[in-house]
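Chemist: According to the UniProt record's numbering, the residues represented by the sequence shown are 2 to 277, in order. Virtual Cβ for every residue (Gly too), placed ideally from N, Cα, C. Fair warning: this is a prediction, and the values are worked out from it, not measured in the lab.
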Amino acid sequence: DKKYTVSSFMQSKVKGDKISMLTAYDYSTAKLLDEAGVECLLVGDSLGMVMLGYDSTLKVTVDDMVHHTKAVARGAKRALVIADMPYLSYHISVEETIKNAGRLIQEGDAQGVKLEGGEEILDKIEALIKAQIPVLGHLGLTPQSVNMMGGYKVQGKSEEQAKQLIADAKLLEKAGVFGIVLECVPKQLADHISKSISIPTIGIGAGNGCDGQVLVIQDMLGMYSDLAPKFVKRYKNTGETMKEGVREYIQEVKSGAFPEDKHSFMLKDDVLEKLY
Ligand code: KIV
Ligand code: NA
């Protein structure tokens, strides 16, 4: 199969093909997801929580993102690889924003970056696009704003908030982003936004009217239980399968059932004879 690109992303909306996106943070998982056929891998700053054990995404650094993005890019033969810009990497100045995004592209091998926010970061988004870096927008619940939002809450429920979200989506479209993640917004609002812009919307907790969906891989495979948002569907209980395998291993180590001779390296008889 051909490499999925930012232009394939746009074409998917025109064709009415829904886009599947999942997060990935390492080589072997990225390879599995790519082989399964997912169109887009997001190296989310959610890695701070699911891979590094932080209680929010705020501590994630550009170095962390570069490190994980490199690994994912090596595993993604076909999928488009997008990296999150972490907190403070695009808040200080346009110059720093371009430098940081440039690292995710040059060192990390991402094909694009994702930034949280609308009107307030428009100058940064425009500068990135001018620098030839494809940008994925992210509106609604933006986890880097957790302290301002007072927790992880559904966004866009009031008329004022909903109007702001619609306006932000249009601003981002005009700025030239290739898609917009809509996180935790009422389904009807996500439907309306998806219909009123020409670029794909990718929903997470935003209903099935979006042009694509994204989930955190550890959430949908049951490998992370610190948070259990309503929008997560658990497709497999891989966490339990891992524990079962590990329990069996421990038991066989204790009993001596593992390793068997077929897992062991043997001396030839003639060498063995000369030793004793
Ligand atoms: O960091 C992340 O995983 C994300 C997605 C959930 C959209 O930003
Ligand atoms: Na993120």
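(1) Please go through the same chain and pick out, in chain order, the residues whose beta-carbon is closer than 6 Å to the beta-carbon of S21, but skip the five residues on each side of it.
(2) Using a Cβ-Cβ cutoff of less than 6 Å, which residues in the same chain neighbour H139 once the five nearest sequence positions on both sides are dropped?
(3) If you measure between the beta carbons of Q145 and V186, is that distance less than 8 Å?
(4) Ignoring anything shorter than 3 residues, give me the beta strand (DSSP E) runs that lie fully in the stretch 70-155, in order along the chain.
(5) State whether the stretch 93-108 contacts the stretch 50-62, with contact taken as three or more CB pairs (one from each stretch) at a distance under 8 Å.
(6) Taking 7 Å as the cut-off, does the CB of V138 come closer than this to any heavy atom belonging to the ligand NA?
(7) Do you know how far the Cα of V82 is from the Cα of Q162?
(8) Out of V51, A128, Y26, K154, state which residue places its alpha-carbon closest to the alpha-carbon of T70.
(9) Using DSSP's beta-bridge definition, name the partner residues of T202.
(10) Candidates Y277, A84, S94: which alpha carbon is nearest E48's?
(11) Considering L42, what are the terminal residues of the beta strand (DSSP E) in which it resides?
(12) Would you give the residue range spanned by the beta strand (DSSP E) that T24 belongs to?
(13) Measuring CB to CB, does F10 end up less than 8 Å from G180?
(14) Assuming V95 and D64 make a contact with CB atoms under 8 Å, what is their CB distance in whole Å?
(15) Could you tell me how far apart the beta carbons of L216 and L42 are, in whole angstroms, since I believe they sit closer than 8 Å?
(16) Given this structure, state the Cα-to-Cα distance separating I218 from Y5, to the nearest angstrom.
(17) When the Cα of L228 is compared with those of E121, Q107, G152, which residue comes out closest?
(18) Under a three-way DSSP split, which group does G49 fall into?
(19) Which class does G246 belong to by DSSP, given the choice of helix, strand or coil?
(20) I'd like the span of the alpha helix (DSSP H) that includes L173, first residue to last.
(21) By the three-class DSSP mapping on this structure, what secondary structure does L222 have?
(22) Among the residues of its own chain, which have a CB less than 7 Å from the CB of G223, if the five just before and after it don't count?
Modeler: With the given structure in hand:
(1) V39, E40
(2) K115, E117, V182
(3) no
(4) 81-85, 113-115, 136-141
(5) no
(6) A small fix is needed here, since residue 138 is Gly in this sequence, not Val. The answer is no for G138.
(7) 31 Å
(8) Y26
(9) I181
(10) In the sequence under discussion, the amino acid at residue 48 is Leu, which differs from the Glu named in the question. Measuring from the Cα of L48, the nearest candidate turns out to be A84.
(11) 41-44
(12) 20-24
(13) yes
(14) Contact flag wrong, Cβ pair sits at about 21 Å.
(15) With 8 Å as the limit, L216 and L42 do not qualify as a contact, their Cβ atoms being about 12 Å apart.
(16) 19 Å
(17) G152
(18) helix
(19) helix
(20) 160-176
(21) coil
(22) R235, K237, N238, T239, G240, E241
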